[in-house]
Amino acid sequence: MVDKAGVAAWDGSLETFRLLANSLQAMIAYYDSEHLGYGCRFANKAYAAAFGLTEASIIGKTFVEIIGEAAAREVKPSIDTVTRERRTVAYARELAAADGTRRWIEVNVIPNVTPDGHPMGAFVIVTDITGHRLATQALRESEERLTKFMQASAEGIAFHRDGIVTDANPPLCEMLGFTLGEVRGRHAVDFVAPDKRPQAQQVLAGGLDVTYESALVHKDGHRIPVELISRTLVYGDEKLRMSVVRDLRDRHAAQARIHHLAHHDALTGLPNRMSFMERLGQQIEHARIAGKSLALLFVDLDHFKRVNDSLGHLIGDRLLQTVAARISACLRAGDVVARFGGDEFIVLLDDAARDDVAQVAHKLLRAIELPVDAEGRDLSVTPSVGIAMFPHDGATPTELIKNADTAMYIAKSRGRANCQFFDPAVATAAYDALVLESELSQALQREEFVLHFQPQVRASDGTLAGIEALIRWMHPERGMLRPDAFIALAEQQRVMLPISQWVLRTAARAALQWRSQGLIAVPIAVNLSSMQFRANGFVDAVAQVLREEGVPGQWIELELTERMLMDDVGEVQRTLQQLKALGMRVSVDDFGTGYSSLAHLKEFPIDGMKIDRSFVADLPQQRGSVAIARAVMQMAQGLSLTVVAEGVENEAQRRFLVEHGCDLLQGELVSLPLSADDLVRWIERHRAALHT
């Protein structure tokens, strides 16, 4: 039986309880236990509203009616515990509220019993824990993501609290050589290299979020350069420190490699020009303070370009590598050798007397000129060495190098394959050569170049068959200069291309003028420079000149050297075919002095060849020249090529050449090179002489 006196007492305080309950945020209700269905006797506004009811409409409804059958079944074990054991029970569940939202609630069911233990009902206090639940879930998900990140990251990661390591991922353990069990519980600074610990301790003590470079120590004791990224993470009320450890060994190795490449020659492995200049400046300063002498040796390989042009760059590169190794083997530990560029090497000897330097230089000469195996055949080059001494020949790197370079050119001028010390008196001549170089760059603009023309006649009847255009430099102070005085300089200064274009254009204009006057009906031959022939767009440039000057290709003949044919056989063939498509004649100049073979020669679309004047000069007395001249003419006849003999100076040479089938003659016997006006007069006289 229900204690009616207790119920009456409860009824009397109900209103007071209602006022109190509605002032709280919690959802509060009271159920009586009259039918153990727990009919609702009271609910505050928050509780009633959660189920879509009012304070009035909720009264009398059973527990099941209010929260629903499914929810009632879920919480029934807890309610039974309250009824049976007369104790408070708490549980959490998800609530589908009347407004459609889903909330997480914590429910406390408190039994109301009489003094003698008889159950009267139960208080229900409901707290919305959605925010806390979501925060807890977010923290858990964050921890899961962080754990996955740690495991997946390729970089080392460690967590530590107050400096004590709480967790570390596999990459960090592998980097350090420790297991996770060996890492946990130790102080993070224990793994830092001793000289880096003060910085690490400062970061830890200050709780700083920083990125800095440091070094760790592997279990076996070796040092590991690292980048440390330190951050503070907050988990609820707890603060953790996270350190991302980035291994810098690969980066440092790459930087070292980049530094090496920046300061060393890729082909030979020797220091390069930039590295050597830095070293030279330091050595000069040390020598100045210590009162010591230095020797600078400038080494240049003689005729190295011929190796590249004839045998290819691969063999040339192999030769440079061998020379570099041989120079290094001749030096002391404290001496320095660098590749200065191309086929140039530079050597710095520390604290060396002049006599000792001369011995080293001759040792280099002997070592470098030894034969090198080049694909089964012996190949050798000789060096020219120029020497400048500090402080006698220069007090700065620039002065020393300039004077050693000057001495090297003096060595070349004295027959190559020798060494020369810098001599100020001899350097004056070198200075004059430099002045000539400077003037050459302006000669074209000043219109100081002119063309001279040398006629070619048929060996059979003496009629005019061709004209060769030859450049001359009308130097304002030195007078008429022949090509051998400036062409090499022009190629070094990179002004050969515009000069070559000028020659071609001027020859084309002369051809047009003389043909329009009825003076000639023969082509004008123009010599091609190797730089011009190899230039990008060469054929287009030739075609442009012909087009702009209104000259057919048949009026111009192009002469190239035998060596130019062998530079790149496939490319040369294509270029020659393009020139032939323009209607131009092509002939080989100075035949017999280069490296071409008959097998290659027949593959080129050429029209003629010139016997070099060095062979013609000895005809008909010298047996070797006779044999070569005969062979060239016989070969040309077999290939249907026109043969021109240049440098014909006497009647004996002419008779020999005519007897053996030479087609055209050129040289002093016919005419010296002439100015344009003199050539016109020569043509008129020659034509008249043939008709008398």
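With full-length UniProt numbering, the residue at position 572 of the sequence shown is 572, and numbering never jumps.
Glycine included, every Cβ here is placed at the ideal spot set by N, Cα and C.
What residue does the alpha helix (DSSP H) around residue i start on, and which one ends it?
{"i": "G608", "result": "Per DSSP, G608 belongs to no alpha helix (DSSP H); it is in the beta strand (DSSP E), 608–611."}
{"i": "K76", "result": "69–85"}
{"i": "R241", "result": "Per DSSP, R241 belongs to no alpha helix (DSSP H); it is in the beta strand (DSSP E), 238–247."}
{"i": "F656", "result": "651–659"}
{"i": "Q321", "result": "313–329"}
{"i": "W502", "result": "496–516"}
{"i": "L364", "result": "354–368"}
{"i": "H286", "result": "273–290"}
{"i": "S57", "result": "No alpha helix (DSSP H) holds S57; DSSP gives it neither H nor E."}
{"i": "I520", "result": "It is not in any alpha helix (DSSP H) - I520 carries neither H nor E in the DSSP assignment."}
{"i": "L470", "result": "It is not in any alpha helix (DSSP H) - L470 instead sits in the beta strand (DSSP E) that spans 464–475."}
{"i": "Q563", "result": "The question names Gln, but residue 563 is Arg in the sequence shown. Unbroken alpha helix (DSSP H) run through R563: 562–565."}
{"i": "H686", "result": "676–690"}
{"i": "L669", "result": "Where L669 is concerned, there is no enclosing alpha helix (DSSP H), given that its DSSP letter is neither H nor E."}
{"i": "V572", "result": "569–581"}
{"i": "T406", "result": "397–413"}
{"i": "G206", "result": "197–206"}
{"i": "residue 703", "result": "The question about residue 703 has no answer here: the residues shown for the chain are numbered 1 through 692."}
Do you know whose CA, among the options, lies nearest residue i's CA?
{"i": "S293", "options": "S275, M277, A353", "result": "A353"}
{"i": "W502", "options": "A374, M27, L451, I28", "result": "L451"}
{"i": "L470", "options": "D461, T463, L481", "result": "L481"}
{"i": "M496", "options": "A508, V457, R515, Q442", "result": "Q442"}
{"i": "N169", "options": "R246, R102, G117", "result": "R246"}
{"i": "A97", "options": "A71, A50, H132", "result": "A50"}
{"i": "A48", "options": "R186, I410, R18, V569", "result": "R18"}
{"i": "G394", "options": "L672, P424, L365, M584", "result": "P424"}
{"i": "R249", "options": "T232, P620, E278, R223", "result": "R223"}
{"i": "L280", "options": "V75, D335, T83", "result": "D335"}
{"i": "A689", "options": "A652, G462, E174", "result": "G462"}
{"i": "R446", "options": "E174, P476, D432, Q634", "result": "P476"}
First and last residue of the beta strand (DSSP E) that includes residue i?
{"i": "M389", "result": "383–390"}
{"i": "G39", "result": "From DSSP, G39 is part of no beta strand (DSSP E); its letter is neither H nor E."}
{"i": "L481", "result": "479–481"}
{"i": "T211", "result": "210–217"}
{"i": "Q622", "result": "Note, Q622: premise wrong, no beta strand (DSSP E); not H, not E."}
{"i": "V586", "result": "585–591"}
{"i": "T166", "result": "164–168"}
{"i": "V457", "result": "449–458"}
{"i": "G341", "result": "336–341"}
State the beta-bridge partners of residue i as determined by DSSP.
{"i": "D32", "result": "G121"}
{"i": "V644", "result": "K610, L664"}
{"i": "C419", "result": "V385"}
{"i": "D373", "result": "D378"}
{"i": "A96", "result": "R102"}
{"i": "W555", "result": "Looking at the DSSP assignment, W555 forms no beta bridge with any residue, so it has no partner."}
{"i": "D350", "result": "L294"}
{"i": "I157", "result": "V244"}
{"i": "P225", "result": "A215"}
{"i": "N527", "result": "E559"}
{"i": "D128", "result": "I105"}
{"i": "A90", "result": "N108"}
Would you mind giving the Cβ-Cβ distance between residue i and residue j, rounded to the nearest angstrom? I have them listed as a contact below 8 Å.
{"i": "V572", "j": "F538", "result": "No, V572 and F538 are not in contact; Cβ-Cβ is about 11 Å, not under 8 Å."}
{"i": "V192", "j": "L216", "result": "6 Å"}
{"i": "A188", "j": "V165", "result": "6 Å"}
{"i": "I520", "j": "L464", "result": "7 Å"}
{"i": "I28", "j": "I125", "result": "6 Å"}
{"i": "L576", "j": "V588", "result": "Actually they are not in contact, since the Cβ atoms of L576 and V588 sit about 11 Å apart, beyond 8 Å."}
{"i": "R41", "j": "G117", "result": "That belief does not hold up - the Cβ atoms of R41 and G117 are roughly 20 Å apart, past 8 Å."}
{"i": "K219", "j": "L176", "result": "6 Å"}
{"i": "residue 711", "j": "I499", "result": "As shown, the chain starts at 1 and ends at 692. That puts residue 711 outside it, with no answer to give."}
{"i": "L440", "j": "L489", "result": "5 Å"}
{"i": "H160", "j": "R231", "result": "Their Cβ separation, rounded to whole angstroms, is 12 Å, which puts H160 and R231 out of contact at 8 Å."}
{"i": "I79", "j": "R93", "result": "At roughly 12 Å, the Cβ-Cβ gap does not stay under 8 Å, so I79 and R93 are not in contact."}
{"i": "L657", "j": "A459", "result": "6 Å"}
{"i": "P119", "j": "T83", "result": "6 Å"}
{"i": "L512", "j": "G553", "result": "Wrong, their Cβ atoms sit about 13 Å apart, outside the cutoff."}
Q: Answer yes if the stretch 642–660 comes into contact with the stretch 618–629, meaning at least three C-beta pairs across the two stretches below 8 Å, and no otherwise.
A: yes
(Q) Would the stretch 245–259 count as touching the stretch 324–342 if we require 3 or more Cβ pairs under 8 Å? (A) no
Q) Taking one C-beta from the stretch 418–429 and one from the stretch 378–387 each time, how about it: are there three or more such pairs within less than 8 Å? A) yes
Q: Specify whether the stretch 298–305 and the stretch 333–344 touch according to this definition: at least 3 beta carbon pairs, one from each stretch, less than 8 Å apart.
A: Because the criterion of three Cβ pairs below 8 Å is met, the stretch 298–305 and the stretch 333–344 touch.
Q. Given 8 Å as the limit, is there contact between the stretch 458–469 and the stretch 503–521, that is, 3 or more CB pairs closer than that?
A. yes
Q: Evaluate the contact criterion for the stretch 443–462 versus the stretch 659–671: three or more CB pairs, one atom per stretch, below 8 Å.
A: yes
Q) How do the stretch 311–322 and the stretch 395–402 stand: do at least 3 beta-carbon pairs fall below 8 Å, yes or no? A) no
Q: Mind the definition here: the stretch 57–66 touches the stretch 81–90 only if three or more C-beta pairs lie below 8 Å; say whether that holds.
A: no
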